[in-house]
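Q: Before I ask anything, let me first share the structure, which is written out below as structure tokens.
In our numbering, the protein residues as written are 2 to 435.
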């Protein structure tokens with residue numbers, strides 16, 4: 002009798018646990034994945050693990066704090082996990098959903114280590130014909146096909162890619178040619194205004210499109226084959242201002258925001274019988290456009306937007322044009338060890354007035370001298386896949402930033418800070434994929 006009572010009591014204790022386990026199951030096919038990542042590094046300037054730009058150099062009789070001190074860092078915040086769901090067919094299409102998050106905290110207002118959403122999208126795929134993607138995902142145009150950077154912000158200003166809410170339809174004419182058209186958020190979905198700014202108030206969604214060519218005729222290296230694509234984005238901004246009588250001018254003109262981009266992937270030396278040893282891949286992009294601040298296409302801090310000429314006199318609004326590129330050469334020394342060389346360039350075409358004359362001692366003039374007019378980055382890294390789960394990487398990166406002009410910002414002294422900055426970074430990373 003006593004043994005029977007103990008067994009019944011144990012089953013009663015286990016029942017709530019079994020019920021909770023059942024509540025998190027799915028009637029569909031669910032795959033759990035992600036990785037644990039650890040970063041360790043040193044920067045020549047006092048900055049965090051993922052600097053978007055270099056601080057100004059100290060000038061004569063003027064010390065810039067960030068330039069006077071170097072900095073070490075360690076973080077596991079880039080670790081992430083995801084769920085892939087395969088559900089029932091709809092209208093003859095295979096349906097899937099994907100959701101992923103990491104712990105960088107940059108889109109939530111939390112400190113590094115706070116959980117944040119990366120991807121949340123669904124797909125309907127008609128095999129060999131077309132696909133419809135709805136949700137938050139990487140932009141579907143312009144970004145490099147393969148980025149071997151170690152840091153999350155490395156080369157972010159070279160149209161490396163952003164995650165944005167969107168709806169995109171891609172049609173496959175055949176196995177080699179396809180075209181995409183869709184709409185996307187007109188502004189930064191994670192910004193402090195939560196999509197209430199001059200870009201969203203223009204009432205224009207972001208329009209995007211791309212024409213692409215993919216083929217295995219020239220061989221491949223893993224998933225990387227010959228790819229070419231021409232695409233772009235178009236939206237509008239509706240800035241407003243106050244006039245000479247401090248009366249709001251809500252009927253401001255609309256400004257165009259657009260980017261055109263060409264991306265490519267070329268297996269110069271393809272793999273042989275599935276072995277990547279001595280294979281060589283070249284890939285990257287070229288782009289030009291204007292008014293890139295809406296979605297932070299070139300990363301926060303380096304996505305320069307519109308400005309008002311002579312705002313004291315209710316001047317007109319202008320937006321700088323931009324152009325740039327990213328290129329990466331990847332050489333597999335062995336099937337598991339790759340050497341990557343990377344280069345990125347970005348230039349904004351500001352007028353002399355927009356960059357701010359050094360003779361202009363006003364606050365507005367100082368702000369104009371603080372705009373970023375050029376970014377340039379070089380990097381080399383080694384990535385080693387020790388086995389299917391563990392990867393190690395080591396990287397050297399140097400980044401140059403050119404500002405509108407010399408300025409007395411970011412430090413102290415009787416002089417001014419330099420108009421340029423440079424940061425060198427050495428980084429080690431380890432991943433465990435699951």
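We treat Cβ as the ideally placed atom computed from N, Cα and C, and that holds for glycine.
(1) Start and end of the alpha helix (DSSP H) containing residue 68?
(2) Who are residue 181's beta bridge partners in DSSP?
(3) On the DSSP letters alone, give me the boundaries of the beta strand (DSSP E) that residue 380 sits inside.
(4) Quick check: what's the CA-CA separation for residue 452 versus residue 168?
(5) According to the neighbour-count rule (16 or more other Cβ atoms, all chains shown, within 10 Å of its Cβ), is residue 22 buried or exposed?
(6) Look at the Cβ atom of residue 40, then the Cβ atom of residue 429, and state whether they are nearer than 9 Å.
(7) Measure the alpha-carbon distance for residue 25 versus residue 198 and round it to whole angstroms.
(8) Closest to residue 237 by C-alpha separation, out of 34, 335, 320, 92, would be which residue?
(9) When the Cα atoms are used, what is the spatial distance from residue 390 to residue 32?
(10) Express the C-alpha separation of residue 64 and residue 184 in angstroms, rounding to a whole number.
(11) Is the Cβ-Cβ distance between residue 375 and residue 155 less than 9 Å?
(12) Does the count of Cβ pairs from the region 56-71 and the region 95-111 closer than 8 Å reach three?
(13) Is residue 418 helix, strand or coil when you go by DSSP?
(14) Cutting at 6 Å between CB atoms, please list the residues of its own chain near residue 17, excluding the five before and the five after it.
(15) What is the rounded straight-line gap between the Cα of residue 419 and the Cα of residue 209?
(16) For the region 319-352, list the beta strand (DSSP E) runs that are entirely contained and at least 3 residues long, ordered along the chain.
(17) Give the single residue among 400, 417, 397 whose Cα lies nearest to the Cα of residue 406.
(18) If I measure Cβ to Cβ from residue 263 and keep anything under 6 Å in the same chain, skipping five residues before and after, which residues do I get?
(19) Would you kindly report the start and end of the unbroken beta strand (DSSP E) that includes residue 113?
(20) For the beta strand (DSSP E) containing residue 90, name the first residue and the last one.
A: According to the data block:
(1) Locating residue 68 in the chain shown gives position 67, where the first residue counts as 1. Here the alpha helix (DSSP H) through residue 68 covers 66-69.
(2) Position 180 of the chain shown, counted from the start, is the residue given in the question as residue 181. Answer is 171, 211, bridged to residue 181.
(3) For the purposes of this step, residue 380 is identified with residue 379 of the chain shown, where counting begins at 1. Taken as a continuous stretch (DSSP letters only), the beta strand (DSSP E) holding residue 380 covers 373-386.
(4) No statement about residue 452 is possible, as the shown extent of the chain runs from 2 to 435 and does not include it.
(5) Taking the first residue of the chain shown as position 1, residue 22 is located at position 21. Because residue 22 carries a pLDDT of 39, less than 50, the predicted location of this residue cannot be relied on, and the following value inherits that uncertainty. Its Cβ having fewer than 16 others within 10 Å, residue 22 is exposed.
(6) Along the chain shown, one-based indexing puts residue 40 at 39. Along the chain shown, one-based indexing puts residue 429 at 428. Yes. Within cutoff.
(7) For this step, residue 25 is matched to residue 24 along the chain shown. For this step, residue 198 is matched to residue 197 along the chain shown. The predicted position of residue 25 is uncertain, since its pLDDT is 49 and thus under 50; no value can be drawn from it.
(8) For the purposes of this step, residue 237 is identified with residue 236 of the chain shown, where counting begins at 1. The shortest C-alpha separation from residue 237 is found at 320.
(9) As a working note, residue 390 is residue 389 in the chain shown. As a working note, residue 32 is residue 31 in the chain shown. Between residue 390 and residue 32, the C-alpha separation is close to 16 Å.
(10) Locating residue 184 in the chain shown gives position 183, counting from the first residue. Locating residue 64 in the chain shown gives position 63, counting from the first residue. About 47 Å.
(11) Along the chain shown, one-based indexing puts residue 375 at 374. Along the chain shown, one-based indexing puts residue 155 at 154. Not in contact: residue 375 and residue 155 (Cβ atoms no closer than 9 Å).
(12) no
(13) Along the chain shown, one-based indexing puts residue 418 at 417. Of the three classes helix, strand and coil, the one that applies to residue 418 here is strand, per DSSP.
(14) For this step, residue 17 is matched to residue 16 along the chain shown. Because residue 17 carries a pLDDT of 40, less than 50, the predicted location of this residue cannot be relied on, and no value is offered for it.
(15) Along the chain shown, read from residue 1 onward, the residue named residue 419 stands at position 418. Along the chain shown, read from residue 1 onward, the residue named residue 209 stands at position 208. Rounded to whole angstroms, residue 419 to residue 209 spans 39 Å at the Cα level.
(16) 322-333, 338-350
(17) For the purposes of this step, residue 406 is identified with residue 405 of the chain shown, where counting begins at 1. Nearest option by C-alpha distance: 417.
(18) For the purposes of this step, residue 263 is taken as the residue at position 262 of the chain shown. Correct list, in chain order: 231, 287.
(19) For the purposes of this step, residue 113 is identified with residue 112 of the chain shown, where counting begins at 1. That residue, residue 113, is in no beta strand (DSSP E); it is neither H nor E in DSSP.
(20) The residue given as residue 90 occupies position 89 in the chain shown. No beta strand (DSSP E) holds residue 90; DSSP gives it neither H nor E.
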